[in-house]
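Numbering-wise, our numbering comes out as the position in the sequence shown, counting from 1, plus 9.
For reference, the structure is listed below as structure tokens.
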Amino acid sequence: MSKASIIEAYRRARLDGTCFIDEIYGCGGLPADVVVACLAQVAGVSSGNIPAKAPIVAPRFDQLQHLGRISRTAIADADGMIRFYIAPKLSDIAAIRRNLSAGSPDRRRLTFTPPAVLADHLADYYREPLARRAAGMLEDAASGRSSRIVVDGGQGALMGAILTSMVFLSILSQQALFSALHAMLSGLFSSSVILRGMAVLHARRARRPPRLESTGSVPPVYSILVALYREAPVVPQLVRAMRELDWPPARLEVLFLCEADDRDTLRAFAAQKLPPGFRVVGVAGFGPRTKPKALNVGLQLVSGEFVVVYDAEDRPHRGQLREAWQRFSRGGPRLGCLQAPLDICNGRDGWIQRQFAFEYRVHFRGILPWMAAQRLVMPLGGSSNHFRRPSLAALGGWDAFNVTEDAELGLRLARSGYHSEMLTLPTYEDAPGEAGIWLKQRTRWMKGWIQTWLVEMRDPLPLLRQVGLRRFLLFHLSSAGLVASALIYPLMPFLVLDTMLRALWLGREALPFTCVLDFMNVALAFLSFHALGMIAGRGRPTDGGLLLSMPLYWLMISLAAWRAIGQLRLSPFLWEKTPHLPSRAPMQRNPAPEAQPREPPVPAEPITPP
10 MSKASIIEAY RRARLDGTCF IDEIYGCGGL PADVVVACLA QVAGVSSGNI
60 PAKAPIVAPR FDQLQHLGRI SRTAIADADG MIRFYIAPKL SDIAAIRRNL
110 SAGSPDRRRL TFTPPAVLAD HLADYYREPL ARRAAGMLED AASGRSSRIV
160 VDGGQGALMG AILTSMVFLS ILSQQALFSA LHAMLSGLFS SSVILRGMAV
210 LHARRARRPP RLESTGSVPP VYSILVALYR EAPVVPQLVR AMRELDWPPA
260 RLEVLFLCEA DDRDTLRAFA AQKLPPGFRV VGVAGFGPRT KPKALNVGLQ
310 LVSGEFVVVY DAEDRPHRGQ LREAWQRFSR GGPRLGCLQA PLDICNGRDG
360 WIQRQFAFEY RVHFRGILPW MAAQRLVMPL GGSSNHFRRP SLAALGGWDA
410 FNVTEDAELG LRLARSGYHS EMLTLPTYED APGEAGIWLK QRTRWMKGWI
460 QTWLVEMRDP LPLLRQVGLR RFLLFHLSSA GLVASALIYP LMPFLVLDTM
510 LRALWLGREA LPFTCVLDFM NVALAFLSFH ALGMIAGRGR PTDGGLLLSM
560 PLYWLMISLA AWRAIGQLRL SPFLWEKTPH LPSRAPMQRN PAPEAQPREP
610 PVPAEPITPP
């Protein structure tokens, strides 16, 4: 390691208030084991890696809820001797030299080891217990809140009663049943149009990307969780995207959570030269093979004050972490989550990609900003969610059995008194280009929204008390209303046709009001959706023709909704994989906002070795 690298590490420690040793690790100029060997020489102890599969004596797993900040462990050697392995800090060196004499037997039992080695040994040794706990974290924190049970006894009885009533009503009066269903469907469509109209008014007030300023405090450790399964082709792109984030390397922790039997993805990571702080964690196969279970494993292992979730194909704006930290610092303790907008980069590659990109723009640039501004229950996107780690852990993390864990967590945050807001700096993704892949992904989303709604409707009165009537009603419109609208969308033309035929059969001179209302509902649904997308996208001219083919795209969404109903009955926890390939779009379209100069804070610990 050159003298210039040491000086640079010292400068960064002074500037960011970080640990000088962590900056030495972070600069990557010297292997971690060499750094540890030098520190061990100063302390007068040995150094080395922990033997593979060496049993951990302490701390025991049942005594731990959070492994991320463990810096020492007791290991039983092959000869039965207990040896203490320490990921050293300067304070450890000072304590050893002050309290243990050079020839002390206790000093000979101490071994310095790199932090990554210690963390990897803990994660590997406790792999199965971590997965078992991850599968049940939500149940442990809030009994009865998990989607493990799709429909409970009370809900089953209620559904049976509703279906029986509809059968009897159809026998007694088909016209009465038709009128009741017609009124309900028309109400759903009308409500969706009204909500989009409100979002259109809000979208006209655009927010500019912020000028990132110093908060006057030491940057916290920021932890990134990325759950991957069969994602070997995008591993180089993912690692590059994480490296380009604008955050002090010594304060950045990235965990790539891979299924333990996903050999191709693990080999792809092994071929990468990962920076310090980047770790690959194998997730045991216990419980459902879902993204939220893997994230719960990672939540137990990270050490950061803040946590963000990215997907394997994501390329986040390099200034996104700094914007999130700035917003959390000013947002108060009840700011539970910050959602970054997701922008689609391959929207010009095909018809599905164009429709998908437009839909994402409506959702992340139109609907969600309006919901955040109104402090409504915000269904989070599956990526780029930023959290305070202690708050997230107290809530029980993610529901390991829900296949849209993001939307469910957004509601749980609201029930616990937190609110969610939107960031301005985006994350870039690519849309699926094949109809079959798109259909599987959309089926999973629909199935997860149904799961979330069913869980909340097990006992709706506490939800009503916790979120209030306004948010309670709008939650139903944005969840159950979304799925119901998708399910009944193909029926709307038949309803219109049936009304027209009845009018002709009865010899009426004018179309009945219900027929006119149906026409207006369908037309305004398309027009409001298109208007919101155009305003949120600042009027991109290439999107003008999407309106003509939008009915076909919505028909595909309806097919996914009906497919989700079938899967919910047969395979509720099936996670149909969406494969990804490296993006052909630019890695990033905007530079990071300029940050103002910062005064060097007081270092977090002494930087002169004792």
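For glycine and all other residues, C-beta sits at the position ideal for the given N, C-alpha and C.
- The alpha-carbon separation between Phe365 and Ser226 amounts to approximately 40 Å.
- Looking at the DSSP output, Ala85 sits in a beta bridge with Ile91.
- With a cut-off of 8 Å on Cβ pairs, the segment 455-466 is in contact with the segment 568-577, counting three or more such pairs.
- Secondary-structure assignment with DSSP links His428 through a beta bridge to Leu344.
- The beta carbon of Ala493 sits closer than 7 Å to the beta carbons of Leu197 from its chain, once the five residues preceding and following it are set aside; these are given in chain order.
- For Ile158, the three-state secondary structure derived from DSSP is coil.
- Annotation for Glu17: the continuous alpha helix (DSSP H) segment containing it runs 12-25.
- For Tyr369, the enclosing alpha helix (DSSP H) begins and ends at 360-371.
- DSSP places Pro325 within a strand segment (E or B) once states are collapsed to three.
- About 35 Å separates the Cβ atoms of Gly405 and Met565, ruling out a contact at the 8 Å cut-off.
- In terms of CA proximity to His485, Leu385 leads the group Ile544, Gln450, Leu385, Leu432.
- Exposed is the label assigned to Thr173, since fewer than 16 other Cβ atoms lie within 10 Å of its Cβ.
- Note: His395 is bridge-paired with Val317, Leu347 in the DSSP secondary-structure output.
- A straight line joining the alpha-carbon of Val54 with that of Arg118 spans about 8 Å.
- Distance from the CA of Glu17 to the CA of Tyr34, rounded to the nearest whole angstrom, comes to 12 Å.
- Under the criterion of beta carbons closer than 8 Å, Phe337 and Leu347 qualify as touching, at roughly 7 Å.
- For Tyr437, there is no enclosing alpha helix (DSSP H); the residue is part of the beta strand (DSSP E) that begins and ends at 436-438.
- In the structure shown, Phe582 falls within a coil segment according to DSSP collapsed to helix, strand and coil.
- Just measuring C-alpha positions, the residue of Pro471, Leu308, Pro499 sitting nearest Ser400 is Leu308.
- Burial check for Leu472: the Cβ neighbour count within 10 Å reaches 16 or more, so the residue is buried.
- Taking a cut-off of 8 Å for Cβ pairs, the segment 416-431 and the segment 125-135 do not touch, as fewer than three such pairs fall below it.
- Ser156 has its alpha-carbon roughly 11 Å from the corresponding atom of Arg467.
- When the Cα atoms are used, Arg272 and Pro560 turn out to be separated by approximately 42 Å.
- In the DSSP assignment, Leu131 falls outside any beta strand (DSSP E) and within the unbroken alpha helix (DSSP H) covering 124-134.
- According to the DSSP secondary-structure assignment, Glu148 is paired through a beta bridge with no residue.
- One alpha carbon belongs to Glu368, the other to His211, and they sit about 17 Å apart.
- Contact between Ala534 and Val202 holds, with the beta-carbon distance rounding to 6 Å and staying under 8 Å.
- According to the DSSP secondary-structure assignment, Cys28 is paired through a beta bridge with no residue.
- Take the alpha-carbon of Leu181 and the one of Met175: they are about 10 Å apart.
- Put simply, of Gly359, Arg249, Arg374, Ile376 the residue whose alpha carbon is nearest the alpha carbon of Glu322 is Arg249.
- Taking the CA atoms as reference points, Gln475 sits about 11 Å from Leu422.
- Val317 and Gly340 have their C-alpha atoms some 17 Å from each other.
- Counting C-beta atoms within 10 angstroms of its own C-beta, Gln335 has 16 or more neighbours from the protein chains shown and is therefore classed as buried.
- Burial state of Val45 is buried, judged by a 10 Å Cβ sphere holding 16 or more other Cβ atoms.
- Within the DSSP bridge table, the entry for Val66 names no partner.
- Sequence-distant partners of Ala132 (beyond 5 residues in either direction) whose C-beta falls short of 6 Å from its own C-beta, in its chain, are Val290, Leu310.
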